[in-house]
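Reviewing the structure listed below.
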Amino acid sequence: MPESDRLIFDDSRRITGPGMIWNRRGALVDILVEDLDKSDVVTAWQTEIARVLHALGWQDSETNFRIFENGVTLLISAPTDLLYSAVFVIETSWHLTAHKLLGSASEDFDKLVADLRAVIALEENPALIKLQQAADAKAIDILSDDDFVSLGHGRGSQVWGVNELPNPDDVDWDRLHNLPVALITGTNGKSTSVRLATAIGEAAGLMSGSTSTDYVKLGDDILDYGDYSGPGGARMLLRDRRLEIAFLETARGGILRRGLPLFQARAALVTNIAADHLGQYGVNTVEALAQAKFAVARAVSQDGVLVLNADDPLVVANGLGFERSKCWFSLDADNGLVEAARAAGEACCWVDDEAICYYDGNDVVLQIATEDIPITMGGNARFNVQNAMGAIGLAKAMGIANEAILKGLTQFSASPDDNPGRCNEFDVRGARIFVDFAHNPHAIAAMSSLLEKLPARRKHLLISHAGDRSDEEIADLTKGAVGFHPDIVVIAELADYLRGRALGDVPALIEKQCLASGVAAAAIRHAASPSAGVADILGNIGAGDVALILALADRDRVFELIRAAQH
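Quick note: the sequence shown uses this note's numbering, first residue 8, plus one each step.
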């Protein structure tokens, strides 16, 4: 690629499912642009990609683009069997475009096209295309990767090696079918919503599976640990023949890197939208982040339901245009969207006199007191009241009976066993200790707001941040954390997450903001690690105290220390 400060080739990648911009498989490039009109860049690229596609005979390929603050994203669609080739195709088109814009000589066009044809010949897999066409005609989901191709989901699935695909006429289509699958996205609450909805599925007697940033789980079995909030985790789960219902955490990174794992979901949930991980993949604003997360709406089936938080302005702004079935939920019974849904005979959910009410379009068919849902901490954890409503909306959309929904809501606890790292409460010598993995201002402020309501003799805070956050972000995160007015703040170093900073840099920024927020200098202590910080707090905590442990590392050791202190 030609090098220039005005045109920087940032990234190229395959897109295997619906994404931020459209619902096509294909490839894209991200280009950073400076001192050039971005529209002119797009126009020049459209000319060059048209030349390349025509030369290759890819007349069915479509193009698209997105202009953002400091660059452009350029996309082409491509057949399922030629996604790697599509990356080379779009990279070639950008090579030609950049040289044209910079006034330099590109490589010979005919040679570039010949090289592309050779790559295509190595990758093309006509058997995969035939199988996909047959599956599409029967509305059976097809999942493919470098090694395997599967049809259907879970108990209705079958898997083949990518080079051992059957003729469609030889497939036993009668035994293949899709399962109820839900996609869960948002800035915060994804993992809790996934786990709560999965518990509801289990309460219904279904073999329920989930993917998340922590693991892939089916029933009581952990299939693998790790961040599986993208398509890879979904394929692992959906190909397990024990599976009967699935809840897939769908994070921003997976959407932007590869797209969604499937094209047809029974339901999708958007919990909320707040600033987090901005500045990557051309997503520089919270409005663009909302657009990325609303990719899940593209995958909701014609008879499916999109479950939406009516209390979140960005969710509302992006959800209003969704033309198929929606289920709005709100903490406010007088929310205008909820009232409009009820008047129109549409499903919705709200809180009235501290009871969650679900309306199915005809009547209120489910009610439960917020205090009867353990993760709401007696109704005080309003973010988990919202997560409960979202899970109810998903469960109803997936046909789960009210009795099972109520059973799941009341049996799912705030313990590390049920919901690790999400508002986990421990009693240590009469003190209440809360452990949470919150890592963005929205989540930290929510936890701080919860603890501010609790009576306490003294309040303790353990806080740390990774070094890849900006100074401003670290200040905002810290400001939110000290919002519950802790009496003692322990600042922990994250030696394994310096990410370009020196030891002590981040703790110094945290301390600076603590002092600016009114924390007394004598109340601030430092620890070499989160586990050392927890040990400090455990050594000083007493009956009637409340502690918030924001554990971003040493998580297993943190839990071990707290459990040991309980005995």
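Each residue gets a CB set at the ideal place from its N, CA and C atoms; glycine is no exception.
Asked: Identity of the residues DSSP links to HIS467 by a beta bridge; Found: ILE495 and ALA554
Asked: Nearest residue (CA-CA) to GLU361, options GLU378, LEU225 and ALA258; Found: GLU378
Asked: Chain-order list of residues whose beta-carbon lies under 6 angstroms from that of ARG464 (same chain, five-residue window excluded); Found: GLY551 and ASP552
Asked: Option in ALA144, ARG564 and ALA134 with minimal Cα separation from SER151; Found: ALA134
Asked: Neighbourhood of PHE75 by C-beta distance below 7 angstroms, restricted to the same chain and skipping five residues each side; Found: GLY289, ASN291 and ALA295
Asked: Beta-carbon proximity of GLU500 to SER536, cut-off 9 angstroms; Found: yes
Asked: Backbone CA spacing between SER217 and ALA206 [nearest angstrom]; Found: 10 angstroms
Asked: Which listed residue (GLY163, LEU60 and VAL526) has its alpha carbon closest to that of VAL124; Found: For the record, residue 124 in the displayed sequence is Arg; it is not Val. ARG124 has its Cα closest to that of LEU60, out of GLY163, LEU60 and VAL526.
Asked: Closest by C-alpha distance to GLN393, when choosing among LEU416, MET243, LEU373 and THR278; Found: THR278
Asked: Check whether VAL166 and ARG273 have beta carbons under 9 angstroms apart; Found: no
Asked: 9 angstroms Cβ cutoff met for LEU484 and PRO448; Found: yes
Asked: Alpha helix (DSSP H) segment containing ASP563, residue limits; Found: 562-572
Asked: Residue closest to ILE407, alpha-carbon to alpha-carbon, out of ILE252, LEU90, LEU89 and PHE72; Found: ILE252
Asked: Residue of LEU276, LYS145 and VAL126 minimising C-alpha distance to SER198; Found: LEU276
Asked: Sequence-distant residues of its chain with Cβ nearer than 8 angstroms to LEU89 (five each side left out); Found: ILE127, GLU130 and GLU131
Asked: Range of the contiguous beta strand (DSSP E) that encloses ILE262; Found: From DSSP, ILE262 is part of no beta strand (DSSP E) but of the alpha helix (DSSP H) over 259-264.
Asked: Cα-Cα separation between GLU600 and VAL345, rounded to whole angstroms; Found: In the structure as shown, the chain begins at 8 and stops at 574. Residue 600 is therefore absent and cannot be evaluated.
Asked: HIS102 - DSSP class collapsed to helix/strand/coil; Found: helix
Asked: Complete runs of the alpha helix (DSSP H) confined to the region 51-128 [at least 4 residues]; Found: 90-109
Asked: Stretch-stretch touch, CB-based, cutoff 8 angstroms, three pairs: the region 40-60 with the region 327-334; Found: no
Asked: Local Cβ density within 10 Å of SER157, reported as buried at 16 or more and exposed below that; Found: buried
Asked: C-alpha distance - ALA438 paired with ARG31, whole-angstrom precision; Found: 53 angstroms
Asked: Whole-Å CB distance - ALA204 paired with ALA398, under 8 angstroms assumed; Found: 4 angstroms
Asked: SER111 classed as buried or exposed, judged by whether at least 16 other C-beta atoms fall within 10 angstroms; Found: exposed
Asked: Pick from ALA509, ALA530, ALA347 and HIS160 that is closest to HIS492, judged by C-alpha positions; Found: ALA530
Asked: Meets three-Cβ-pair contact criterion under 8 angstroms: the region 223-239 and the region 331-339; Found: no
Asked: Beta-bridge partners of HIS533, as assigned by DSSP; Found: ILE498
Asked: According to DSSP, residues forming a beta bridge with LYS333; Found: LEU313
Asked: Segment contact flag, the region 448-458 with the region 560-571, C-beta cutoff 8 angstroms, min 3 pairs; Found: no
Asked: Extent of the continuous beta strand (DSSP E) to which GLU432 belongs; Found: 431-435
Asked: Classification of TYR232 by the beta-carbon crowding that lies within 10 angstroms, buried from 16 upward; Found: exposed
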